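Asks: Below is one structure. I have some questions about it.
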Amino acid sequence: MTTLGAVAVTTATFLGMEFVAWFMHRFVLHGPLWFLHRSHHVRHPHRFERNDFFFLFYGSLSMLLIISGAESHDFRFWMGVGIASYGTLYFFVHDVLIHGRLRFWRKSRSTYLRALNMAHKMHHKTTGRDGSEEFGLLWVSPRYFRLALRRPAPTRVLKSSKAVS
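Written as structure tokens, this is what we have:
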């Protein structure tokens, strides 16, 4: 496969994963697999939740595609790379930035990331299976951009060390 073909397949897969994620979240996770996804919508004292099993599914799918296409670096390999890339971004944006599961990235001054965070918080406003909105990860409704632009970005206050006299 040519370099251009590899980039095209990887990019198309990455972008397609946003639709797959939205569709699966809207109709499967808030549908028949709610018993697993519910753990993500309620507060709990555990470090992990049943919802984390979905990472295993997509990670396994990505790994299977990469391994099956590795010898010839055909489209399967690059589709696996696209899914893995989306999953990596999903982890950092959703789990680290939005839900704070790792504490190294707290707040952002980016209008896009703040709008994304607001949309996700709106999704979690309901703790039940029905009544949620905003099911995607990367695409954000324009109304949240307007909200993010109206609210000032958080300011970072640096603690000054007291001089020893």
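For reference, each letter of the sequence shown is one residue, going 1 to 165 in full-length UniProt numbering. Note that the Cβ used here is the ideal one computed from N, Cα and C, for glycine as well. All of these numbers come straight from a predicted model, not from anything done at the bench.
Which same chain residues, not among the five before or five after HIS94, have their C-beta less than 8 Å away from its C-beta?
Replies: Looking up residue 94 in the sequence shown gives position 94. Cβ neighbours of HIS94 beyond the five flanking positions: HIS120 and LEU137.
Asks: Does the distance from the CB of GLY5 to the CB of PHE75 come in under 9 Å?
Replies: Locating residue 5 in the sequence shown gives position 5, counting from the first residue. Locating residue 75 in the sequence shown gives position 75, counting from the first residue. A contact, by the Cβ cut-off of 9 Å.
Asks: What are the uninterrupted segments assigned as beta strand (DSSP E) that are 3 or more residues long and contained completely in the region 17–95, given in chain order?
Replies: Within the region 17–95, no complete beta strand (DSSP E) run reaches 3 residues.
Asks: Out of VAL7, ASP52 and TRP78, which has the shortest C-alpha to C-alpha gap to HIS37?
Replies: On the sequence shown, residue 37 is found 37 positions in, with the first residue counted as 1. Looking at the Cα atoms, ASP52 is the closest of the given residues.
Asks: Would you grab the beta carbon distance between MET17 and GLY80 for me? Rounded to a whole angstrom, and I think it's under 8 Å.
Replies: Here residue 17 corresponds to residue number 17 of the sequence shown, with the count starting at 1. Here residue 80 corresponds to residue number 80 of the sequence shown, with the count starting at 1. Incorrect: roughly 12 Å between the Cβ atoms, too far for contact.
Asks: I believe LEU97 touches LEU113 by the beta-carbon criterion, under 8 Å. Please report the beta-carbon distance rounded to the nearest angstrom.
Replies: Translated into positions along the sequence shown, residue 97 becomes position 97. Translated into positions along the sequence shown, residue 113 becomes position 113. Sure, about 6 Å apart at Cβ, within 8 Å.
Asks: When the Cα of SER110 is compared with those of PHE145, ARG26 and PHE54, which residue comes out closest?
Replies: One-based indexing of the sequence shown puts residue 110 at position 110. Selected option, being the one with the closest Cα: PHE145.
Asks: So, is THR11 buried or exposed, given that buried needs 16 or more other C-beta atoms within 10 angstroms?
Replies: Residue mapping note: residue 11 aligns to position 11 of the sequence shown, counting from 1. So THR11 counts as exposed.
Asks: Could you tell me the alpha carbon to alpha carbon distance between MET63 and ALA115, rounded to whole angstroms?
Replies: Residue numbering aside, residue 63 sits at position 63 when the sequence shown is read from its first letter. Residue numbering aside, residue 115 sits at position 115 when the sequence shown is read from its first letter. Going by the C-alpha atoms only, they are around 32 Å apart.
Asks: Run through DSSP, which three-state label would MET1 get?
Replies: On the sequence shown, position 1 is the one that residue 1 refers to. MET1 falls in the coil class under three-state DSSP.
Asks: Return the first residue and the last residue of the alpha helix (DSSP H) that LEU113 is part of.
Replies: Indexing the sequence shown from 1 puts residue 113 at position 113. Per DSSP, LEU113 belongs to the alpha helix (DSSP H) from 111–123.
Asks: Roughly how many angstroms lie between the CA atoms of residue 234 and TRP22, to the nearest whole one?
Replies: The shown model of the chain, from 1 to 165, leaves out residue 234, and the question about it has no answer.
Asks: Would you kindly check if the distance between the Cβ of PHE55 and the Cβ of ILE66 is under 9 Å?
Replies: Working through the sequence shown from its first residue, we reach residue 66 at position 66. Working through the sequence shown from its first residue, we reach residue 55 at position 55. Taking 9 Å as the Cβ cut-off, ILE66 and PHE55 do not qualify as a contacting pair.
Asks: Taking the C-alpha atoms as reference points, what is the distance between ARG26 and VAL140?
Replies: Position 26 of the sequence shown, counted from the first residue, corresponds to residue 26. Position 140 of the sequence shown, counted from the first residue, corresponds to residue 140. Between ARG26 and VAL140, the C-alpha separation is close to 15 Å.
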